[in-house]
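Encoded as structure tokens, the structure appears first; notes follow it.
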Amino acid sequence: MARALNELRSVYVVGIGWHRYQNPSETSYVTLGLAAIREALADARIEWPAVESSYVATALLGMAAGRPMLRHLGATGAPLLHIENASASGSTAFRQACIEVASGISDVALAVGVDKRNMVRRSDTGIDHLADDAIVPFTHFALLTNEYAGRHHVSVDDIALVAVKNHRNGARNPNAQRQQDRTLDEVLGGKKVSGSLTALQCTPIGEGAAAVIVASDDAIKRLGINPDRAVRVTASVGRSERVYPPGVGFDAALTRETVELALAEAKRTPGDLDIIELHDAFTVEELHYIESIGLCAEGQGIAMLKDGALDIGGRCAVNPSGGLIAMGHPIGPTGIGQIGEITMQLRGEAGARQHRDARVGLAHMVGVGAVCYVHLLERSA
Amino acid sequence: MQPLRLLKSQLYSERGDEGRLADPVLRGGRCRCGYVFFPMQTYGCERCGSHDDALTPQELSTHGILLALAVVHLHADKNRLAPFTVVKVALDNGPVVRTLLADDSGEITLGQRMKAKLVPVRQGDGETVYDLRFTAIV
Ligand SMILES: [Zn+2]
Chain D
1 MARALNELRS VYVVGIGWHR YQNPSETSYV TLGLAAIREA LADARIEWPA VESSYVATAL
61 LGMAAGRPML RHLGATGAPL LHIENASASG STAFRQACIE VASGISDVAL AVGVDKRNMV
121 RRSDTGIDHL ADDAIVPFTH FALLTNEYAG RHHVSVDDIA LVAVKNHRNG ARNPNAQRQQ
181 DRTLDEVLGG KKVSGSLTAL QCTPIGEGAA AVIVASDDAI KRLGINPDRA VRVTASVGRS
241 ERVYPPGVGF DAALTRETVE LALAEAKRTP GDLDIIELHD AFTVEELHYI ESIGLCAEGQ
301 GIAMLKDGAL DIGGRCAVNP SGGLIAMGHP IGPTGIGQIG EITMQLRGEA GARQHRDARV
361 GLAHMVGVGA VCYVHLLERS A
Chain V
1001 MQPLRLLKSQ LYSERGDEGR LADPVLRGGR CRCGYVFFPM QTYGCERCGS HDDALTPQEL
1061 STHGILLALA VVHLHADKNR LAPFTVVKVA LDNGPVVRTL LADDSGEITL GQRMKAKLVP
1121 VRQGDGETVY DLRFTAIV
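Chains as they are written, first to last, in my numbering: chain D, 1 to 381; chain V, 1001 to 1138.
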């Protein structure tokens, strides 16, 4: 019978690291990736030869980018696998690393995401559409913003408050691409992109790296890793889009069913969540997804936002890292960086961004195409 | 009368013999399971997986309801100059489609009845072809 991750042996996040997300630069991806991996190894206080398997998440670097980077850590001969799953590449790599450790095949595995902005074309399916070239992602979400505002009778200026919160969080995150507080006037007054979306309501184009090391109980004992800083992965679920009733937004519907499975796996309810890192590439997404996760009823997201319930220190801190809007979305790293942020929060090591008494965190990513990945992490003690 | 030169003749056509003033139709398909989709393809049904002969072409009326609109202010592709308006329409037959609003459409509001028409567009080579755009039913 099929089994969930939580029914296999326990798996823990024991090391996290980043290369700051930043504007496109001359820095090689090798430099970005190595910085994140070395920081994660140092955080776990283990040496590279202890890592038995590596998952390299990239969407834009082309074929086989991993080995030319990993060889500079000392070529150990350990297996490595590249994972491309659009925006969810990093989340998928993390899930595979967790599965490998939970299954008992490895005791220590690495998930590393690294990307630089290269133009990558999706292959032609042979099926044409009326005007796909006119509907890039920001216009897809501009349409959803218009629909959300109309259906729930909310103002598009209120939807922009998501960006004010996430820029505020990003301003306190040294790994964020955008580290500047923004007023609502600044957000609304910026460059108009599509529909009501302005530039500061959209994720920036950037590059960077994030790494996470996962380990079993055996490895924690054997390698002398501090168990108090280990954060347990209590659910891992991946799904892809189904056929939904006409007019139902697939991003939100797919999120709803994926989160339901993940909460059931960890025996948790939405009210248990202290931290959520979710795919806020565009402001309206945060509202869709907190409603799909079940923090509030459909259309009530703005009320929570205005009450400060989604702030650090509120009922549930949503995107304390700054999210995709402020921390950034270099693609391969993004889902792994979310795991790192939640781990910091659950350890109580998030400094100026620390949410009080954080015990349970949820990481959510969607990827165009469309896939959804959700993980739950919990403080051990 | 010469048939119009269409930009994407695999996706829509002029309606049969009623002439140019009639509304165009979308070239959709229907699976033997009853699922109606756009555009037509025979790779396989997204709902049940039946393929090839189980999928038959079905002309779809372009009449429907406006679900969303967005005025696009920034667009990198030089072949489409911003600003232009994109609309999302739930067809009466089921599928939801997205494409451009006709330049001469009247004011539109959510929930509004919409239909498509063929509008002339100038191509890079100077030739005029017809493309399908939505417009408000007034
Ligand atoms: Zn079917």
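All residues carry an ideal CB built from backbone N, CA and C; glycine is no exception.
All of these numbers come straight from a predicted model, not from anything done at the bench.
Below 7 Å CB to CB, which residues in the same chain sit around Gly348 (chain D) once its five sequence neighbours on both sides are set aside? Gln354
Which runs of the alpha helix (DSSP H) at least 4 residues long sit entirely within the segment 327-381 of chain D? Give them in chain order. 334-347
Could you tell me which chain V residues have their CB closer than 7 Å to the CB of Glu147 (chain D), listed as they occur along the chain? Leu1067 and Ala1068
So who's on the other strand from Leu1055 (chain V), going by DSSP bridges? V:Cys1031
Assuming contact is defined by CB atoms lying nearer than 7 Å, are Gly33 (chain D) and Ala210 (chain D) in contact in what I supplied? no
In the DSSP output, what is Val214 (chain D) paired with across the bridge? D:Val13 and D:Ala109
Cβ closer than 9 Å: which chain D residues qualify as neighbours of Val1072 (chain V)? Ala134, Ile135, Val136, Phe138, Thr139, Ala142, Val193, Ser194 and Gly195
For Ala352 (chain D), is the classification buried or exposed, using 16 other Cβ atoms within 10 angstroms of its Cβ as the cut-off for buried? exposed
Mind listing, in chain order, the residues whose beta carbon lies closer than 6 Å to a non-hydrogen atom of ligand 1? With the cut-off at 6 Å, the residues found are V:Cys1031, V:Cys1033, V:Tyr1035, V:Cys1045, V:Arg1047, V:Cys1048 and V:Ser1050.
Assuming Pro24 (chain D) and Gly323 (chain D) form a contact by the criterion Cβ under 8 Å, report the distance between their Cβ atoms to the nearest whole angstrom. That belief does not hold up - the Cβ atoms of Pro24 (chain D) and Gly323 (chain D) are roughly 20 Å apart, past 8 Å.
Taking the alpha carbon of Arg256 (chain D) as the reference point, which residue from D:Ala358, D:Arg122, D:Lys306 and D:Leu287 has its own alpha carbon closest? Ranking the options by Cα distance to Arg256 (chain D), first place goes to D:Leu287.
Exposed or buried, Ile342 (chain D), counting other C-beta atoms within 10 Å across all chains shown (16 or more means buried)? Ile342 (chain D) is buried by the Cβ-count criterion.
If you measure beta-carbon to beta-carbon, which residues of the segment 112-134 of chain D are closer than 9 Å to chain V? Thr125, Gly126, Ile127, Asp128, His129, Leu130, Ala131, Asp132, Asp133 and Ala134
Please check the pair Pro1039 (chain V) and Lys1117 (chain V), which I expect to be a contact at CB under 8 Å, by giving their CB distance rounded to whole angstroms. About 18 Å separates the two Cβ atoms, so there is no contact after all.
Do Asn166 (chain D) and Ala326 (chain D) have their C-beta atoms closer together than 7 Å? Cβ distance < 7 Å, so Asn166 (chain D) and Ala326 (chain D) count as in contact.
Are the C-beta of Pro246 (chain D) and some C-beta of chain V separated by less than 7 Å? For Pro246 (chain D), the nearest beta carbon of chain V is closer than 7 Å to its own beta carbon.
Nearest-angstrom beta carbon gap, Val233 (chain D) and Leu81 (chain D) [assumed within contact, 8 Å]: The pair is not a contact, with the Cβ atoms about 19 Å apart (cut-off 8 Å).
How would you list, in chain order, the residues of chain V whose beta-carbon sits under 9 Å from the beta-carbon of Gly150 (chain D)? Under the 9 Å cutoff, chain V gives Leu1067, Ala1068, Thr1109, Leu1110 and Gly1111.
Do Val1071 (chain V) and Pro1057 (chain V) have their C-beta atoms closer together than 7 Å? The beta carbons of Val1071 (chain V) and Pro1057 (chain V) sit no closer together than 7 Å.
Chain-ordered neighbours of Val243 (chain D) on chain B, where CB pairs are closer than 8 Å: No chain B is present in this structure, whose protein chains are D and V.
For Met344 (chain D), count neighbouring Cβ atoms within 10 angstroms of its own Cβ and tell me buried if that reaches 16, exposed if not. buried
Would you call the segment 109-123 of chain D in contact with the segment 49-57 of chain D, where contact means no fewer than 3 C-beta pairs closer than 8 Å? The answer is yes - the segment 49-57 of chain D touches the segment 109-123 of chain D, with three or more Cβ pairs under 8 Å.
Minimum C-alpha distance to Asn134 (chain D) - residue among V:Arg1098, V:Gly1124 and V:Leu1026: Strictly speaking, residue 134 (chain D) in this sequence is Ala, with Asn absent from that position. Minimum Cα distance to Ala134 (chain D) is reached at V:Arg1098.
Whether or not the segment 190-202 of chain D and the segment 147-167 of chain D are in contact is what I'm after, with contact meaning three or more pairs of Cβ atoms, one per stretch, closer than 8 Å; do they touch? yes
Among residues of its own chain, excluding the 5 on either side of Leu305 (chain D), which ones have a beta-carbon nearer than 6 Å to its beta-carbon? Leu161
For Asp1077 (chain V), tell me which candidate among D:Ala36, D:Cys98 and D:Asp132 has the shortest Cα-Cα distance. D:Asp132
Determine, using beta carbons only, whether Ala1068 (chain V) and Glu147 (chain D) come nearer to each other than 7 Å. yes
Three-state secondary structure (DSSP) of Gln22 (chain D): The three-state reading of DSSP puts Gln22 (chain D) in strand, counting E and B together.
Determine which residues share a DSSP beta bridge with Leu1131 (chain V) and list them. Before going further, note that residue 1131 (chain V) is Asp rather than Leu in the sequence given. According to DSSP, Asp1131 (chain V) bridges with V:Val1119.
Taking buried to mean at least 16 other C-beta atoms within 10 Å of its own C-beta, is Ala431 (chain D) buried or exposed? Since the first residue of chain D shown is 1 and the last is 381, residue 431 (chain D) is not available in this structure.
Are any of the Cβ atoms in chain D nearer than 7 Å to that of Gln1140 (chain V)? The first residue shown for chain V is 1001 and the last is 1138, placing residue 1140 (chain V) beyond what the model contains.
Using CA atoms only, rank isn't needed, just tell me which of D:Val101, D:Gly62 and D:Ala59 is closest to Asp51 (chain D). Here the sequence assigns Val to residue 51 (chain D), which means Asp is not the residue at that position. That would be D:Val101, whose Cα lies nearest to the Cα of Val51 (chain D).
Would you mind sorting Glu47 (chain D) into buried or exposed? The rule is 16 or more other CB atoms within 10 Å of its CB. exposed
What does Val1138 (chain V) touch in chain D if you count any residue whose Cβ is under 7 Å from its own? The contacting residues do not exist; Val1138 (chain V) stays about 20 Å from chain D at best.
Taking 7 Å as the threshold (beta carbon to beta carbon), is Leu1006 (chain V) in contact with chain D? no
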